[in-house]
Amino acid sequence: MTYPETYKLIAQLTLQDIDEIDGSRKGKARANAPLSDEQIALRMQREYFQSSIREMNDLAMAKSLHDAIERDHSLLSSLSVMEQAAQDDHNMALALSNGRPLPEKSAAQRLVEDPAFVELAQPYVDCCM
Numbered sequence: 068m069t070y071p072e073t074y075k076l077i078a079q080l081t082l083q084d085i086d087e088i089d090g091s092r093k094g095k096a097r098a099n100a101p102l103s104d105e106q107i108a109l110r111m112q113r114e115y116f117q118s119s120i121r122e123m124n125d126l127a128m129a130k131s132l133h134d135a136i137e138r139d140h141s142l143l144s145s146l147s148v149m150e151q152a153a154q155d156d157h158n159m160a161l162a163l164s165n166g167r168p169l170p171e172k173s174a175a176q177r178l179v180e181d182p183a184f185v186e187l188a189q190p191y192v193d194c195c196m
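Under the working numbering, the first residue of the sequence shown is numbered 68, with each subsequent residue one higher.
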């Protein structure tokens with residue numbers, strides 16, 4: 068269990084304890100009686116731990132988004148290079164069919180022919196093509 072998960076569990080268990088304490092005291096004071104110091108302290112603790120749980124949830128969401136962006140960045144970069152190479156191949160084919168001199172291979176075309184790129188991009192090609 069990670070630190071945020073452990074902290075969140077502790078906060079949830081503490082909130083349960085606070086609810087039990089509050090529940091055991093219900094109906095024992097006058098309805099219009101001011102809150103005791105203990106009740107005020109419990110209320111403040113409840114608010115603190117509820118806020119902490121929200122922060123832990125926000126942290127988990129932010130980490131999840133960060134991880135997704137990191138994963139997708141490599142995929143999108145690979146796909147962008149492959150798309151550019153395909154466009155450059157198309158332009159070469161047009162030049163060839165129109166009798167014009169062939170342009171030099173682009174960086175994208177050279178990259179997709181590089182075995183290292185092919186090996187790195189293969190998982191993305193397999194999942195998305």
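By construction, the Cβ of each residue, glycine as well, lies at the ideal position given by its N, Cα and C atoms.
- Is there contact between the region 116-124 and the region 155-173, where contact requires at least three CB pairs shorter than 8 Å? no
- CB-CB length for Ser145 against Ala188, believed under 8 Å: Numbered from 1 along the sequence shown, position 78 holds the residue referred to as residue 145. Numbered from 1 along the sequence shown, position 121 holds the residue referred to as residue 188. Right, their Cβ atoms sit about 4 Å apart.
- Query: Quick one: Cα of Arg97 to Cα of Glu87, how far?
  - Reply: Taking the sequence shown and counting its residues from 1, the one referred to as residue 97 is at position 30. Taking the sequence shown and counting its residues from 1, the one referred to as residue 87 is at position 20. Their Cα atoms are separated by approximately 19 Å.
- Pull up the CB-CB distance for Leu82 and Arg113, whole angstroms please, since I reckon it's below 8 Å. What you label residue 82 is simply residue 15 of the sequence shown in a count that begins at 1. What you label residue 113 is simply residue 46 of the sequence shown in a count that begins at 1. So it is a contact: roughly 6 Å between Cβ atoms.
- Query: Which class does Arg167 belong to by DSSP, given the choice of helix, strand or coil?
  - Reply: Working through the sequence shown from its first residue, we reach residue 167 at position 100. Coil.
- Exposure of Val185, with buried meaning 16 or more beta-carbon neighbours within 10 Å: Looking up residue 185 in the sequence shown gives position 118. Its Cβ having fewer than 16 others within 10 Å, Val185 is exposed.
- Task: Would you mind stating whether Ile66 and Leu102 have Cβ atoms separated by less than 8 Å?
- Result: Given that the chain is displayed from residue 68 to residue 196, the structure contains no residue 66 and the question cannot be resolved.
- Compute the beta-carbon to beta-carbon distance between Val179 and Ala160, rounded to the nearest angstrom, for a pair I have assumed lies under 8 Å. The residue given as residue 179 occupies position 112 in the sequence shown. The residue given as residue 160 occupies position 93 in the sequence shown. Not confirmed; about 15 Å, so no contact.
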